[in-house]
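Line by line, the protein sequences are chains A and B. Okay, so the first sequence: first residue is 1 according to this note's numbering, each after it adds one. Okay, so the second sequence: first residue is 1 according to this note's numbering, each after it adds one. Glycine included, each C-beta is placed from N, C-alpha and C at the ideal position. What follows is a set of notes on a single structure, which appears directly below.
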Amino acid sequence: MSTTIEPTVRVETTRRQPMPPRERLETIFHVDGLDAIYSGKPAVKDVTMEVYKNLVTAIIGPSGCGKSTYIRCFNRMNDLIPGFTQTGTIRYHGQDISGSNIDPVAVRRNIGMVFQRPNPFPKSIHDNVAWGLKVLGMRDDLDERIERALTRAALWDEVKDRLKASALSLSGGQQQRLCIARAIAVEPDVVLMDEPASALDPIATQAIESLMHDLKSEYTFVIVTHNMQQAARVADMTAFFSISQGDEGQRWGELIEYDATEKIFTAPSDKRTEDYVTGRFG
Amino acid sequence: MSAQGLTGPGLRLDRLPRRRRVNRLMEGLAWLAAAIAIAILGVVVFSVAQKGASELNLNLLTKPPIQFSLTNAPQGLANAFAGTLVIVGLATAMALPVGILVAVYLNEFAPASIRNGVSMALDILNGVPAIVIGIFVFGLLVVGSGQSGLKGAFALSCLMLPLVARATMEVLALVPNSLREAGLGLGVPQWRTTLSIVLPQTVGGIVTGTVLAVARVAGETAPLLFTSSLVGTQTSWNPYHALQTVPVAIFELSESPDPADHARAWAAALVLLVFILIASLGGRWLATRSRTKMLAR
Numbered sequence: 001m002s003t004t005i006e007p008t009v010r011v012e013t014t015r016r017q018p019m020p021p022r023e024r025l026e027t028i029f030h031v032d033g034l035d036a037i038y039s040g041k042p043a044v045k046d047v048t049m050e051v052y053k054n055l056v057t058a059i060i061g062p063s064g065c066g067k068s069t070y071i072r073c074f075n076r077m078n079d080l081i082p083g084f085t086q087t088g089t090i091r092y093h094g095q096d097i098s099g100s101n102i103d104p105v106a107v108r109r110n111i112g113m114v115f116q117r118p119n120p121f122p123k124s125i126h127d128n129v130a131w132g133l134k135v136l137g138m139r140d141d142l143d144e145r146i147e148r149a150l151t152r153a154a155l156w157d158e159v160k161d162r163l164k165a166s167a168l169s170l171s172g173g174q175q176q177r178l179c180i181a182r183a184i185a186v187e188p189d190v191v192l193m194d195e196p197a198s199a200l201d202p203i204a205t206q207a208i209e210s211l212m213h214d215l216k217s218e219y220t221f222v223i224v225t226h227n228m229q230q231a232a233r234v235a236d237m238t239a240f241f242s243i244s245q246g247d248e249g250q251r252w253g254e255l256i257e258y259d260a261t262e263k264i265f266t267a268p269s270d271k272r273t274e275d276y277v278t279g280r281f282g
Numbered sequence: 001m002s003a004q005g006l007t008g009p010g011l012r013l014d015r016l017p018r019r020r021r022v023n024r025l026m027e028g029l030a031w032l033a034a035a036i037a038i039a040i041l042g043v044v045v046f047s048v049a050q051k052g053a054s055e056l057n058l059n060l061l062t063k064p065p066i067q068f069s070l071t072n073a074p075q076g077l078a079n080a081f082a083g084t085l086v087i088v089g090l091a092t093a094m095a096l097p098v099g100i101l102v103a104v105y106l107n108e109f110a111p112a113s114i115r116n117g118v119s120m121a122l123d124i125l126n127g128v129p130a131i132v133i134g135i136f137v138f139g140l141l142v143v144g145s146g147q148s149g150l151k152g153a154f155a156l157s158c159l160m161l162p163l164v165a166r167a168t169m170e171v172l173a174l175v176p177n178s179l180r181e182a183g184l185g186l187g188v189p190q191w192r193t194t195l196s197i198v199l200p201q202t203v204g205g206i207v208t209g210t211v212l213a214v215a216r217v218a219g220e221t222a223p224l225l226f227t228s229s230l231v232g233t234q235t236s237w238n239p240y241h242a243l244q245t246v247p248v249a250i251f252e253l254s255e256s257p258d259p260a261d262h263a264r265a266w267a268a269a270l271v272l273l274v275f276i277l278i279a280s281l282g283g284r285w286l287a288t289r290s291r292t293k294m295l296a297r
């Protein structure tokens with residue numbers, strides 16, 4: 001076992017623009033004392049952090065630390081799970097979106113989501129993007145909107161000649177980019193990505209990472225990943241979650257450290273973060 | 001089991017022959033039981049076919065019966081086939097939308113406690129004897145205002161409802177949750193996601209369930225005896241009148257003293273049997289097809 005602390009992850013700074021100074025950043029989410037609980041068992045406890053506009057924020061951590069549960073709090077996706085409760089607040093542009101008086105449909109309308117496994121509708125490529133637009137009343141310039149979304153998702157050139165083909169005929173990476181196109185077509189404010197590349201090969205992964213990079217001037221991305229290299233490549237800010245254990249063996253996820261990506265990967269303040277990013281844990 | 005155990009000193013072979021004999025005996029019994037089940041179906045189909053074949057012709061389907069016929073003028077059971085078509089068609093029209101909505105509510109919207117409770121109620125309704133449904137509709141609708149095809153259809157729809165609802169729930173449960181999340185994640189309301197994304201996935205299964213339910217109620221006699229059996233011999237398509245139906249006609253003809261009537265009853269039974277066989281096989285074929293299609297994803 002090596003005794004020197006040598007980060008296994010090189011932080012790539014060449015491809016990323018330098019992050020603007022903190023005081024110039026606009027906060028889009030204020031998370032305050034958030035607990036996420038499944039039928040009485042806490043999955044994530046006491047998270048407090050801010051997510052900044054037009055940045056890519058990565059959430060990393062070992063399996064079972066509640067990363068996915070946490071990101072799904074941002075657009076009330078956990079509402080669908082029976083027995084799920086949540087305490088604390090998530091303020092979106094200052095408004096608490098976690099209360100029962102807030103319509104989750106309205107939250108999700110502004111905060112889109114791309115899931116871990118590509119989940120295109122069993123419809124044509126065209127209809128996959130068109131459906132959301134039509135249902136949400138964005139019928140004007142439909143074809144133009146579809147082309148723009150597919151172009152932004154770096155898929156247009158591959159599918160422009162077969163828009164009528166079934167989305168299920170696409171490869172996994174293409175399906176995931178279609179899901180991204182579908183999510184950004186309806187012009188959300190924030191795009192949440194729950195391990196969007198975990199089922200993809202490196203080339204498709206790179207396509208998705210570079211499109212996040214290109215689109216962050218217009219959207220805010222929050223991405224969950226268990227791939228530290230990916231976090232280092234795409235994220236401006238990185239939050240590290242880990243598993244804490246109670247006296248009676250109960251386990252829950254906790255936010256350990258949240259800082260600029262460079263800081264997390266090169267000079268973490270917490271020992272647990274350091275162990276994780278240097279590959280000694282998880 | 002390790003190879004060592006087979007040659008080891010502790011291996012006991014003394015009871016092995018007896019175990020083999022018991023095993024073979026039980027296997028034989030199970031095989032026999034399966035053969036009996038198939039044989040019963042075979043005997044029923046064969047005897048109905050044998051006894052009904054002589055009267056199985058186009059007249060059976062197109063000519064109405066003639067009461068107290070003294071000549072050999074061709075007659076059939078057109079009124080019964082027309083009535084069964086009307087009544088079963090109306091029953092399907094009543095049970096299908098309600099059944100689908102019940103299933104959609106239970107599977108997509110209801111909390112688990114309601115889902116379990118209502119599912120159990122559907123299973124109990126499915127187990128209620130047909131004649132009880134007949135008496136119920138008789139007391140509810142027929143007493144005081146007379147029989148009609150519509151009331152018969154309502155009685156049959158009570159039998160179809162749980163079948164359609166349960167079949168629809170089964171296919172809804174097969175729709176992957178990721179599709180629901182995909183729709184909801186776009187900020188689309190749940191009813192809209194259910195209607196345009198989830199339900200279209202289940203059409204095959206709903207058709208299957210409906211076909212099987214139709215096959216089941218097309219042969220029901222008891223509920224119709226109370227609700228649509230006091231009829232003449234004219235062919236009528238009007239559901240506001242009592243309509244003759246195939247099972248009721250078979251029942252009535254079987255009590256007639258005329259052997260020709262018996263033959264016609266057997267022929268009608270054969271038509272009904274063939275219809276139910278075709279519908280069941282078709283339903284099963286559709287079910288397999290839609291299931292493989294859904295699981296392929």
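By the criterion of Cβ-Cβ separation under 8 Å, what are the contact partners of residue i in chain B?
| i | result |
| --- | --- |
| Ala-183 (chain A) | Gly-185 and Leu-186 |
| Phe-121 (chain A) | Leu-179, Ala-182, Gly-183 and Ile-197 |
| Gly-40 (chain A) | Per Cβ cutoff of 8 Å: no residues; Gly-40 (chain A) is ~16 Å from chain B at best. |
Beta-carbon within less than 7 Å of residue i's beta-carbon, same chain only, minus the 5 sequence neighbours each way: which residues are those?
| i | result |
| --- | --- |
| Thr-227 (chain B) | Gly-134, Val-137, Phe-138, Val-142, Gln-147, Lys-151, Gly-152 and Ala-155 |
| Ile-71 (chain A) | Ile-59, Leu-192, Asp-194, Val-222 and Val-224 |
| Glu-86 (chain B) | The amino acid occupying residue 86 (chain B) in the given sequence is Val; Glu does not appear at that position. Hits under 7 Å: Gly-149, Trp-237, Pro-239 and Leu-243. |
| Ala-222 (chain B) | Ala-130, Ile-131 and Gly-134 |
| Leu-96 (chain B) | Val-164 and Thr-210 |
| Val-214 (chain B) | Val-88, Thr-92 and Ala-279 |
| Ile-264 (chain A) | Thr-238, Phe-240, Glu-257, Thr-273 and Val-277 |
| Ser-2 (chain A) | The predicted model places Ser-2 (chain A) with a pLDDT of 43, which falls under 50 and marks its position as unreliable; any figure quoted below should be read in that light. Within the same chain, Ser-2 (chain A) has no close Cβ partners at all. |
| Tyr-52 (chain A) | Leu-25, Glu-26, Thr-27, Ile-28 and Met-237 |
| Leu-277 (chain B) | none |
| Gln-175 (chain A) | Pro-118, Pro-120 and Ala-167 |
According to DSSP, is residue i helix, strand or coil?
| i | result |
| --- | --- |
| Gln-4 (chain B) | Summary for Gln-4 (chain B): the model assigns pLDDT 47, below 50, so the residue's position carries little reliability; its value from the coordinates is reported in the next sentence. Note: Gln-4 (chain B) maps to helix in three-state DSSP. |
| His-126 (chain A) | helix |
| Glu-158 (chain A) | helix |
| Arg-148 (chain A) | helix |
| Ser-290 (chain B) | helix |
| Thr-89 (chain A) | strand |
| Asp-275 (chain A) | helix |
| Leu-156 (chain B) | helix |
| Met-1 (chain A) | For Met-1 (chain A), the pLDDT reaches just 44, beneath the cut-off of 50, and the residue's location in the model is therefore unreliable, although a value from the coordinates is still provided. Reduced to three states, the DSSP call for Met-1 (chain A) is coil. |
| Pro-268 (chain A) | coil |
| Asp-103 (chain A) | coil |
| Asp-96 (chain A) | strand |
| Val-128 (chain B) | coil |
| Arg-297 (chain B) | Any reading at Arg-297 (chain B) needs caution, since the residue's pLDDT is 47, under 50, leaving its predicted position unreliable; the model's value is listed next. Arg-297 (chain B) falls in the coil class under three-state DSSP. |
| Phe-115 (chain A) | coil |
To which residues of the same chain is residue i closer than 6 Å at the C-beta, ignoring the five residues directly before and after it?
| i | result |
| --- | --- |
| Ala-267 (chain B) | Gly-52, Glu-55, Leu-56 and Leu-60 |
| Gly-283 (chain B) | Thr-208, Val-211 and Leu-212 |
| Ile-198 (chain A) | According to the sequence as given, residue 198 (chain A) is Ser; it is not Ile. So the list reads Gln-116, once near-sequence residues are dropped. |
Kindly say whether residue i, judged by its beta-carbon, lies nearer than 9 Å to any beta-carbon of chain D.
| i | result |
| --- | --- |
| Ser-290 (chain B) | The chain labelled as chain D is not found among the protein chains of the depicted structure, namely A and B. |
Which residue from the options puts its Cα closest to that of residue i?
| i | options | result |
| --- | --- | --- |
| Thr-45 (chain A) | A:Asn-54, A:Ser-39, A:Tyr-52 and A:Asp-35 | A small fix is needed here, since residue 45 (chain A) is Lys in this sequence, not Thr. With distances taken between Cα atoms, Lys-45 (chain A) lies closest to A:Asp-35. |
| Ala-121 (chain B) | B:Ile-40, B:Thr-92, B:Arg-166 and B:Gly-219 | B:Arg-166 |
| Val-31 (chain A) | A:Ser-39, A:Gly-40 and A:Glu-50 | A:Glu-50 |
| Arg-192 (chain B) | A:Pro-21, A:Ile-37 and A:Leu-136 | A:Leu-136 |
| Ala-249 (chain B) | B:Pro-129, B:Trp-237, B:His-262 and B:Ala-91 | B:His-262 |
| Pro-202 (chain A) | A:Ala-181, A:Ile-184, A:Gly-64 and A:Gly-172 | A:Gly-172 |
| Leu-142 (chain A) | A:Pro-188, A:Arg-152, A:Val-129 and A:Pro-196 | A:Val-129 |
| Gly-99 (chain A) | A:Met-19, A:Gly-88, A:Arg-109 and A:Gly-112 | A:Gly-88 |
| Asn-79 (chain B) | B:Val-48, B:Phe-109 and B:Lys-63 | B:Lys-63 |
| Arg-233 (chain A) | A:Thr-205, A:Thr-220 and A:Arg-182 | A:Thr-205 |
| Arg-109 (chain A) | A:Thr-48, A:Ala-185 and A:Pro-196 | A:Ala-185 |
| Gln-201 (chain B) | B:Asn-177, B:Gly-187 and B:Leu-184 | B:Asn-177 |
By the criterion of Cβ-Cβ separation under 9 Å, what are the contact partners of residue i in chain B?
| i | result |
| --- | --- |
| Met-77 (chain A) | Glu-181, Leu-184 and Gly-185 |
| Trp-131 (chain A) | Gly-183, Leu-186, Val-188, Ser-196 and Ile-197 |
| Phe-115 (chain A) | Ser-178, Glu-181, Ala-182 and Gly-185 |
| Gly-112 (chain A) | Gly-185, Leu-186 and Gly-187 |
Which residues of chain A have a Cβ atom closer than 8 Å to the Cβ of residue i, listed in chain order?
| i | result |
| --- | --- |
| Arg-192 (chain B) | Val-135 |
Give every residue of the same chain whose Cβ lies closer than 8 Å to the Cβ of residue i, excluding the five residues on either side of it in the sequence, and list them in chain order.
| i | result |
| --- | --- |
| Ala-173 (chain B) | Asn-107 |
| Phe-275 (chain B) | Ala-215 and Ala-218 |
At 7 Å on the CB atoms, spell out the chain A contacts of residue i, in chain order.
| i | result |
| --- | --- |
| Ala-112 (chain B) | Pro-82 |
(request) Run through the stretch 180 to 266 of chain A for me and flag every whole alpha helix (DSSP H) of 4 or more residues, listed as ranges in chain order. (result) 202 to 215, 228 to 234 and 261 to 266
(message) What ranges does the beta strand (DSSP E) occupy inside the stretch 4 to 79 of chain A, keeping only unbroken runs of at least 3 residues that lie completely in it?
(response) 27 to 38, 41 to 52 and 56 to 60
(message) Which complete beta strand (DSSP E) runs does the stretch 220 to 245 of chain B hold, if anything under 3 residues is left out?
(response) none
(message) Which runs of the alpha helix (DSSP H) at least 4 residues long sit entirely within the stretch 159 to 215 of chain B? Give them in chain order.
(response) For the stretch 159 to 215 of chain B, the full-length alpha helix (DSSP H) segments reaching 4 residues or more read 177 to 185 and 190 to 193 along the chain.
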